[in-house]
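>
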Amino acid sequence: MDRPDYLIQGETARLFPVLATTSKEGRTTSIVLACISKVEEFGTELMVSLGQRVGKRTTLQTYTEVVFKNEKVKLKDRPDGLIVMQNGTKQWRALVEAKVGNVELGAEQIERYREIAKEQGVDCVITISNQFATTPENHPIEDVRKSRSKIPVYHWSWMSILTTTDILLNKDAIADDDQKLLLNELRRFLTHESAGVKGFDRMPPEWAEVNRLISAGGRIPAKSTEATIVLDAWHQETRDLSLILSRQTETTVQEKLPKKHRQDPAERRKDELLTLKEVGQLRSTLEIPGAAGSLEIVADIARRTLDIGMTLRAPEDKVSSKTRVNWLLRQIKTDKHDELFVRLKWPGRSEATQFPLSELIGDPAVCEKDKAGLQVLSFHVFMARRLGAKFTQQVNFIKELEEAVPFFYREVGQNLAEWRKPAPRIKEDKPSAVDVNVAALQEDAEEDVDE
Numbered sequence: 004m005d006r007p008d009y010l011i012q013g014e015t016a017r018l019f020p021v022l023a024t025t026s027k028e029g030r031t032t033s034i035v036l037a038c039i040s041k042v043e044e045f046g047t048e049l050m051v052s053l054g055q056r057v058g059k060r061t062t063l064q065t066y067t068e069v070v071f072k073n074e075k076v077k078l079k080d081r082p083d084g085l086i087v088m089q090n091g092t093k094q095w096r097a098l099v100e101a102k103v104g105n106v107e108l109g110a111e112q113i114e115r116y117r118e119i120a121k122e123q124g125v126d127c128v129i130t131i132s133n134q135f136a137t138t139p140e141n142h143p144i145e146d147v148r149k150s151r152s153k154i155p156v157y158h159w160s161w162m163s164i165l166t167t168t169d170i171l172l173n174k175d176a177i178a179d180d181d182q183k184l185l186l187n188e189l190r191r192f193l194t195h196e197s198a199g200v201k202g203f204d205r206m207p208p209e210w211a212e213v214n215r216l217i218s219a220g221g222r223i224p225a226k227s228t229e230a231t232i233v234l235d236a237w238h239q240e241t242r243d244l245s246l247i248l249s250r251q252t253e254t255t256v257q258e259k260l261p262k263k264h265r266q267d268p269a270e271r272r273k274d275e276l277l278t279l280k281e282v283g284q285l286r287s288t289l290e291i292p293g294a295a296g297s298l299e300i301v302a303d304i305a306r307r308t309l310d311i312g313m314t315l316r317a318p319e320d321k322v323s324s325k326t327r328v329n330w331l332l333r334q335i336k337t338d339k340h341d342e343l344f345v346r347l348k349w350p351g352r353s354e355a356t357q358f359p360l361s362e363l364i365g366d367p368a369v370c371e372k373d374k375a376g377l378q379v380l381s382f383h384v385f386m387a388r389r390l391g392a393k394f395t396q397q398v399n400f401i402k403e404l405e406e407a408v409p410f411f412y413r414e415v416g417q418n419l420a421e422w423r424k425p426a427p428r429i430k431e432d433k434p435s436a437v438d439v440n441v442a443a444l445q446e447d448a449e450e451d452v453d454e
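Written out as structure tokens, the structure is:
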């Protein structure tokens, strides 16, 4: 593949790059970029995540360590890669900057690459690291998001790339056997410790300070740096959780966010900081395709408890609350009841009630106590896991969370089914079209008049 005329330096991304053994970053980037161009479905999946359309005639070419002709922006370092996507006469290009292991991206370097992109007519910059972003558009570095540059910067975590490879392979979504082999080798490479790919594994040191303050009955100050750092770490972890569940379910699990939060991370942080300050909780909602409801996660700092649950609408075709509860209980297959509870929502101003799952199983009618004549509207089935001292610990909190969320979904969530209103049925006295033709309707009208 010839180097484009606008480059004075840059090689086609290689599956087997000839680089120094110390160049882990360059080696990893080259291999991934090569797979983007060589494995059709993999490249398509990543491009689509950036909002790009990929058609049958689309081609992807990738290069490493590029230098453009007539660069006015002089840099000591250079972008790790370049992706060129060709759709007929239309071309889309992205500079790529990657970090591996514990090395984090720097806002200043990214801004310099934005300047190059603007100067050379490149469409965007893509960063890759072990930092996590809710969506590729919501960059993990605040200064990058706040920049006035008009060049977009997208972000993939290494774990999101690994998850994409895993889902494609497990779904047998790669049509070409040779490309399938390449993608499997990429998965094998990325999972080896030498590649430096890792998940989010610890909360920041500020986590302990926020815990001490809230547990002692204190209130987080209005401009708390510690709370902001903790919230940013929580966003990293919840994104990692969605990727863990994606790999476990072999489907794409995403965080469920209001439109305003998805479009504006600053607005999300503002609202969630308010929740943390007012009620001492970190919250997240994960959307699992095909599940009966969203997976709701709450880390309650004062109680040192993880609450993980799903909300289901009660079946409206059941008359009594007891039969509605029985409908729910039939779906819960697990025998591990100790930490499970059901919260029932009632009409109007009637307060919600809550019962241990084991109590409802023993006597479903207990739900109707003090609720005579009312019908339960919805159920929130959840697990409340008390962590005690582990809750405040940087590493153990993450370990417990990443064990508890899949546990609840496996034991309870995946077995739940949402209630759907039954399809309308043809009435017994109107079995055929003749029973509802004009003459029949006229006859019914005359009968009504006579009555």
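The opening residue of the sequence shown carries number 4 in this note's numbering; numbering runs sequentially from there. Even for Gly, the Cβ is constructed at its ideal location relative to N, Cα and C. Here the structure is a predicted model, which is why all the values come from computation and not from measurement.
1. How far does the beta strand (DSSP E) with T67 in it reach, from first residue to last?
2. Rounded to a whole number of angstroms, what is the C-alpha to C-alpha distance between E212 and M162?
3. Looking only at DSSP bridge pairs, what is T395 linked to?
4. May I ask you to verify whether the stretch 197-214 touches the stretch 73-92, counting CB pairs closer than 8 Å and requiring at least 3?
5. Any idea what DSSP makes of L10, helix, strand or coil?
6. When you compare the stretch 95-107 with the stretch 126-139, are there three or more beta-carbon pairs, one atom per stretch, that lie closer than 8 Å?
7. Out of curiosity, what's the CA-to-CA distance linking V408 and R389?
8. I believe N399 touches K336 by the beta-carbon criterion, under 8 Å. Please report the beta-carbon distance rounded to the nearest angstrom.
9. Between which residues of its own chain and T278 is the CB-CB distance below 7 Å, once the five residues before and five after are set aside?
10. According to the Cβ coordinates, are K27 and V147 closer than 9 Å?
11. DSSP has H158 in a bridge; who is on the other side?
12. Where does R327 fall in DSSP's three states?
13. Nearest to V125 by alpha carbon, out of N173, D180, V69, S160?
14. Can you give the Cα-Cα distance for K348 and H142, rounded to whole angstroms?
15. Does the separation of the CB atoms of I311 and S249 fall below 9 Å?
16. Residue range of the beta strand (DSSP E) that V301 falls in?
17. Measure the CB-CB distance between R272 and R265 and report whether it falls below 9 Å.
18. Counting only the same chain and skipping the five closest in sequence on each side, list residues whose C-beta sits under 6 Å from that of K441.
19. Okay, do the stretch 299-309 and the stretch 354-362 touch, 3+ Cβ pairs below 8 Å being the bar?
20. Below 8 Å, how does it come out for the stretch 377-387 and the stretch 304-324: are there three or more Cβ pairs, yes or no?
21. Compute the distance between the beta-carbons of Y9 and Q123, then report whether it is under 9 Å.
22. Measure from the alpha carbon of I119 to the alpha carbon of each residue in Y412, T92, K153, then state which is nearest.
23. Are the CB atoms of L216 and R190 within a distance shorter than 9 Å?
24. So, using beta-carbon positions, are V53 and I34 closer together than 9 Å?
25. Could you say if the stretch 239-257 and the stretch 429-447 meet the contact criterion of at least three C-beta pairs nearer than 8 Å?
Here's the rundown:
1. Residue 67 sits at position 64 when you count from the first residue of the sequence shown. Note, T67: beta strand (DSSP E), 62-71.
2. The residue labelled residue 212 in the question sits at position 209 within the sequence shown. The residue labelled residue 162 in the question sits at position 159 within the sequence shown. Between E212 and M162, the C-alpha separation is close to 29 Å.
3. The sequence position of residue 395 within the sequence shown is 392, counting from 1. Paired residues: none, contrary to the question.
4. no
5. As a first step, residue 10 is located in the sequence shown; it is residue number 7 there, counting from the start. If DSSP states are grouped into helix, strand and coil, L10 belongs with the strands.
6. yes
7. Sequence index remark: in the sequence shown, residue 408 carries index 405 (1-based). Sequence index remark: in the sequence shown, residue 389 carries index 386 (1-based). In a straight line, the C-alpha of V408 is about 13 Å away from that of R389.
8. For this step, residue 399 is matched to residue 396 along the sequence shown. For this step, residue 336 is matched to residue 333 along the sequence shown. About 29 Å separates the beta carbons of N399 and K336, which is beyond the 8 Å limit, so they are not a contact pair.
9. Taking the first residue of the sequence shown as position 1, residue 278 is located at position 275. Cβ neighbours of T278 beyond the five flanking positions: Q284, R286.
10. Looking up residue 27 in the sequence shown gives position 24. Looking up residue 147 in the sequence shown gives position 144. No, Cβ-Cβ distance for K27 and V147 is not below 9 Å.
11. Your numbering for residue 158 matches position 155 in the sequence shown. The partner list for H158 (beta bridge, DSSP) reads T130.
12. Locating residue 327 in the sequence shown gives position 324, counting from the first residue. Correct three-state label for R327: helix.
13. The sequence position of residue 125 within the sequence shown is 122, counting from 1. Among N173, D180, V69, S160, the Cα nearest to that of V125 is on V69.
14. In the sequence shown, residue 348 corresponds to position 345, counting from 1. In the sequence shown, residue 142 corresponds to position 139, counting from 1. Those two C-alpha atoms are separated by around 38 Å.
15. Position 308 of the sequence shown, counted from the first residue, corresponds to residue 311. Position 246 of the sequence shown, counted from the first residue, corresponds to residue 249. Going by beta carbons, I311 and S249 fall outside the 9 Å limit.
16. Residue 301 sits at position 298 when you count from the first residue of the sequence shown. Note, V301: beta strand (DSSP E), 298-303.
17. One-based indexing of the sequence shown puts residue 272 at position 269. One-based indexing of the sequence shown puts residue 265 at position 262. In this structure, R265 does not lie closer than 9 Å to R272 by Cβ.
18. In the sequence shown, counting from the first residue as 1, residue 441 sits at position 438. As written in the sequence, residue 441 is Val, which differs from the Lys given in the question. No residues qualify anywhere along the chain.
19. no
20. Contact between the stretch 377-387 and the stretch 304-324 is present, because at least three Cβ pairs lie under 8 Å.
21. Along the sequence shown, one-based indexing puts residue 9 at 6. Along the sequence shown, one-based indexing puts residue 123 at 120. The answer is yes: Cβ separation under 9 Å.
22. Position 116 of the sequence shown, counted from the first residue, corresponds to residue 119. Nearest of Y412, T92, K153 to I119, Cα basis: K153.
23. Indexing the sequence shown from 1 puts residue 190 at position 187. Indexing the sequence shown from 1 puts residue 216 at position 213. No, Cβ-Cβ distance for R190 and L216 is not below 9 Å.
24. Indexing the sequence shown from 1 puts residue 53 at position 50. Indexing the sequence shown from 1 puts residue 34 at position 31. Per the sequence shown, residue 53 should be read as Leu rather than Val. No; because the gap between Cβ atoms is not below 9 Å, this pair is not in contact.
25. no
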